[in-house]
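The structure appears right after this line, and notes come after that.
Residue numbers (the numbering used here): 281 to 648.
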């Protein structure tokens, strides 16, 4: 059976006999790519060539879950990729420079400071999680047959293999456990926060408030500015009452009105100040007092704090080294002192011997 026939058979449904013949042909073709320990990459929609399994397990996965629909060239199982011929035509130098300039302009959109990397990754994670939640609400149901759910794939923006992987995860015990845990935490929450500033983030709202008032707003002020929905009226009124009682005094995050009403923040998070803000970013940083009067940006301030912390570590190591050197110097002085004492004792003994010899010689001369 040639390779094209095997691939054509694999396009049939899983229960079809042609598909089983295609799986047998694939296993025969891929046996030449076994690893040194006899394993093989599994191209099913669940493993997507990311796992090395025994050939029997790969055969079972292909019959149970199906092969990846977009895996047309079996590069992980011995099929060679045809090399694309390179063009021999020469282009003018000016056109090459123009294309390079256009490419650089397109790539410049993806350039970002190193300090924004964590925020970008967290933002992508949040957006991906929200999108999966949207997909689950549109095309998934716990009571529907799993094969029917496979056919409900939104073909416009989701790949079929990825959709099957999502459905399999939602049906797994881990997926059900996560879903139940999220539902329980949402029910236990005192308030379901609704952001009322549109696409403007907490950080942008905070920056606008800072520019308008020429001072940094508190976490309570930012939260009240961003949450003005009617469903949160009771919560916001309680926060306002606590803020009126406490006055304008500066408080820690655990004692401010938002924490008094909504409870303490979760570990590593600060409620109401946007994505990526940590408690250490809001609290008093550990740098010298003479830096309090400097007007620095966030990046410069973080760099200065990091620099002083490095200096603190260097100073600590130098102190330890000086202490060790002091101990060594004390030991050397003690050895030198003991050595000097022994030398003085030897010189005194030599002098006594010499004096005793001279006295005996004088006595002998007197007798003579």
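No residue lacks a Cβ here, since even glycine has one placed at the ideal position from N, Cα and C.
With DSSP as the reference, label residue i as helix, strand or coil.
{"i": "residue 566", "result": "Any answer about residue 566 is weak, because its pLDDT of 44 lies below 50 and its placement is not dependable; what the coordinates show is given next. Coil at residue 566, not helix or strand."}
{"i": "residue 342", "result": "helix"}
{"i": "residue 400", "result": "helix"}
{"i": "residue 327", "result": "coil"}
{"i": "residue 597", "result": "helix"}
{"i": "residue 314", "result": "coil"}
{"i": "residue 553", "result": "coil"}
{"i": "residue 290", "result": "coil"}
{"i": "residue 347", "result": "strand"}
{"i": "residue 319", "result": "coil"}
{"i": "residue 374", "result": "Its pLDDT being 40, under 50, residue 374 is placed unreliably in this model, and the coordinates cannot settle the point."}
Assuming residue i contacts residue j under a Cβ cut-off of 8 angstroms, what Cβ separation, rounded to an integer in Å, is found between them?
{"i": "residue 496", "j": "residue 490", "result": "5 angstroms"}
{"i": "residue 313", "j": "residue 357", "result": "5 angstroms"}
{"i": "residue 438", "j": "residue 415", "result": "7 angstroms"}
{"i": "residue 541", "j": "residue 526", "result": "The Cβ separation is near 12 angstroms, so there is no contact."}
{"i": "residue 441", "j": "residue 300", "result": "In fact, because the Cβ distance is near 20 angstroms, the residues do not count as touching under 8 angstroms."}
{"i": "residue 332", "j": "residue 294", "result": "Contact flag wrong, Cβ pair sits at about 23 angstroms."}
{"i": "residue 477", "j": "residue 485", "result": "6 angstroms"}
{"i": "residue 324", "j": "residue 346", "result": "6 angstroms"}
{"i": "residue 536", "j": "residue 499", "result": "6 angstroms"}
{"i": "residue 474", "j": "residue 445", "result": "About 32 angstroms; that fails the 8 angstroms criterion."}
{"i": "residue 587", "j": "residue 538", "result": "Not really, about 33 angstroms apart at Cβ, beyond 8 angstroms."}
Is the beta carbon of residue i sitting closer than 8 angstroms to the one on residue j?
{"i": "residue 554", "j": "residue 507", "result": "no"}
{"i": "residue 326", "j": "residue 448", "result": "yes"}
{"i": "residue 409", "j": "residue 426", "result": "no"}
{"i": "residue 434", "j": "residue 419", "result": "yes"}
In angstroms with no decimal places, state the Cα-to-Cα distance between residue i and residue j.
{"i": "residue 311", "j": "residue 398", "result": "43 angstroms"}
{"i": "residue 297", "j": "residue 287", "result": "14 angstroms"}
{"i": "residue 381", "j": "residue 290", "result": "Bear in mind that the predicted position of residue 381 carries a pLDDT of just 48, short of 50, making it unreliable; the figure below should be weighed with that in mind. Approximately 45 angstroms, taken between the alpha carbons."}
{"i": "residue 509", "j": "residue 429", "result": "36 angstroms"}
{"i": "residue 487", "j": "residue 431", "result": "47 angstroms"}
{"i": "residue 455", "j": "residue 329", "result": "22 angstroms"}
{"i": "residue 413", "j": "residue 595", "result": "51 angstroms"}
{"i": "residue 306", "j": "residue 404", "result": "37 angstroms"}
{"i": "residue 354", "j": "residue 424", "result": "33 angstroms"}
{"i": "residue 550", "j": "residue 516", "result": "17 angstroms"}
{"i": "residue 281", "j": "residue 453", "result": "40 angstroms"}
{"i": "residue 308", "j": "residue 283", "result": "11 angstroms"}
{"i": "residue 522", "j": "residue 593", "result": "42 angstroms"}
{"i": "residue 607", "j": "residue 613", "result": "10 angstroms"}
{"i": "residue 603", "j": "residue 557", "result": "40 angstroms"}
{"i": "residue 572", "j": "residue 406", "result": "Unreliable positioning characterises residue 572 in this predicted model, as indicated by a pLDDT of 47, which lies under 50. The coordinate reading is nonetheless provided below. Cα-Cα distance, rounded: 35 angstroms."}
{"i": "residue 341", "j": "residue 292", "result": "16 angstroms"}
{"i": "residue 494", "j": "residue 524", "result": "22 angstroms"}
{"i": "residue 421", "j": "residue 543", "result": "34 angstroms"}
{"i": "residue 600", "j": "residue 615", "result": "23 angstroms"}
{"i": "residue 492", "j": "residue 462", "result": "38 angstroms"}
{"i": "residue 513", "j": "residue 480", "result": "21 angstroms"}
{"i": "residue 546", "j": "residue 520", "result": "22 angstroms"}
{"i": "residue 467", "j": "residue 360", "result": "54 angstroms"}
Validate contact between the segment 308-324 and the segment 333-348 using beta carbons, cut 8 angstroms, 3 pairs: yes
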